[in-house]
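The sequence shown maps to residues 0 to 344 in numbering that gives the first Met the number 0. Heads up, the beta-carbon is just placed ideally off N, CA and C, and yes, glycines get one too.
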Amino acid sequence: MGALDERLDLLYRLGGGAGANRIAGGDAETRACELVSEWLEEAGLEVERDAFGNVVGRLRGSRPELPEVWTGSHLDSVPDGGRYDGALGVVAAIEAVIAVGRAERTLGVVAFRDEERGCNGSLAAVAGGRLPGRFVELHVEQGPVLERLDAPLGVVTSIVGSTRREVVFEGAAGHAGTTPMDARDDALVAAAEYVLRVRAAARAIDGAVATVGRLEVEPGAVNVIPGRVRLTVDARAPDADRLGQLLEALDLGPGIDLAPVELDPTVRAVLREELERLGLPAVELPSGAGHDAGVLAAAGVETGMLFVRSLNGGVSHSPDELTSDEDVALAVDALTGALRRLADS
Ligand code: HGY
Ligand code: MN
Ligand code: MN
0 MGALDERLDL LYRLGGGAGA NRIAGGDAET RACELVSEWL EEAGLEVERD AFGNVVGRLR
60 GSRPELPEVW TGSHLDSVPD GGRYDGALGV VAAIEAVIAV GRAERTLGVV AFRDEERGCN
120 GSLAAVAGGR LPGRFVELHV EQGPVLERLD APLGVVTSIV GSTRREVVFE GAAGHAGTTP
180 MDARDDALVA AAEYVLRVRA AARAIDGAVA TVGRLEVEPG AVNVIPGRVR LTVDARAPDA
240 DRLGQLLEAL DLGPGIDLAP VELDPTVRAV LREELERLGL PAVELPSGAG HDAGVLAAAG
300 VETGMLFVRS LNGGVSHSPD ELTSDEDVAL AVDALTGALR RLADS
């Protein structure tokens, strides 16, 4: 097993439980950032943390005055997440930058914090103003497209826009046995009707998706009519218009958290040419998942994303997330080639 695989395993086991459990700000994610900092220092990179705690390792270029070229991803995970989501992009970035070595432009490896709760680390990096000129994120597809096309790698064209909201339903708690059915104000019944409305609204808009991922019932006793329900909505669409339509249909009000973005044509071309160099089909596809790359692209950084095929039907945010070692090796090769070209031009 190579260093990359061993590092992925080490990161995967940090939080215990079934799957990756490196929740942002928790002990496991904090430890993951410490490990990555150690690996970067061992590789001879200059490591620093920004004000938010994002980890950046630099390999100074021969022309440090030029805008830097970064690669990386995030180390935090969802509960019981997959082995590859985020972590692969960080450990592969270390390998690729070591393989490129000193280039004209300074090369950076970044591990963004707190991506799963809304790309907070990369948003903080943008607010802090200290950004690279170019960024490439390697990430598992987290979907079925590449597997269906039998393509190991893909170049991302665009990243979906998304908005997350909490919705509260206020009812009237009451006795489950003595309150007549026509005298109830059951918050959970109202919430259940809304959940079906979320599904219907997303189905009615081409390319839109919407999910109620968390629902909490209060007081939560078996013999009490629910008095309050809090639920979350994750709404996404390929463009601002359709996302706006979805939010309006769900009475969520305007407000896009993460803007839909097109990725940089120059970086996309370099990535496509790397796939061709490897004799692979130069598949291009949109991302239905949000990524730190989308935040940097929206901030004007020349950004590209390289997807690695997800197996098992593309399942992700699950311990069943799977990508082959062969595809990972191809991805590191393509990322290395792309960085070499982007850092010397
Ligand atoms: O939710 C997402 O799209 C990503 O996994 N953070
Ligand atoms: Mn991710
Ligand atoms: Mn994720």
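heavy atom of ligand 1 below 7 Å from residue i C-beta
i, result
"Glu110", "The amino acid occupying residue 110 in the given sequence is Ala; Glu does not appear at that position. No, the Cβ of Ala110 stays beyond 7 Å of every heavy atom of ligand 1."
"Gly289", "yes"
"Glu136", "no"
"Glu140", "no"
Residue i beta carbon near ligand 3 (any heavy atom closer than 7 Å)
i, result
"Asp84", "yes"
"Val77", "yes"
Residue i - DSSP class collapsed to helix/strand/coil
i, result
"Ala92", "helix"
"Leu74", "coil"
"Thr156", "strand"
"Ala330", "helix"
"Val109", "strand"
"Glu33", "helix"
"Glu169", "strand"
"Ala2", "helix"
"Leu321", "coil"
"Ile97", "helix"
"Glu47", "strand"
"Leu341", "helix"
"Thr335", "helix"
"Gly312", "helix"
"Arg241", "helix"
"Leu58", "strand"
"Glu217", "strand"
Exposure of residue i, with buried meaning 16 or more beta-carbon neighbours within 10 Å
i, result
"Arg112", "buried"
"Ala150", "buried"
"Pro179", "exposed"
"Asp75", "buried"
"Val159", "buried"
"Val54", "buried"
"Asp291", "buried"
"Thr322", "buried"
"Asn20", "buried"
"Ser344", "exposed"
"Leu148", "exposed"
"Asn222", "exposed"
"Arg213", "exposed"
Cβ-heavy atom distance, residue i to ligand 2, below 7 Å
i, result
"His174", "no"
"Glu114", "yes"
Min CB distance residue i to chain C below 8 Å
i, result
"Gly1", "Within the model displayed, chain C is absent; a lone protein chain is all it includes."
Could you pull out every unbroken alpha helix (DSSP H) segment of at least 4 residues lying fully inside the region 250-310, listed in chain order? Runs of the alpha helix (DSSP H) inside the region 250-310: 264-276 and 291-297.
Restricting to runs no shorter than 4 residues, where is the alpha helix (DSSP H) found entirely within the region 179-209? 186-202
Minimum length 3: unbroken beta strand (DSSP E) runs contained in the region 103-152: 106-111 and 133-139
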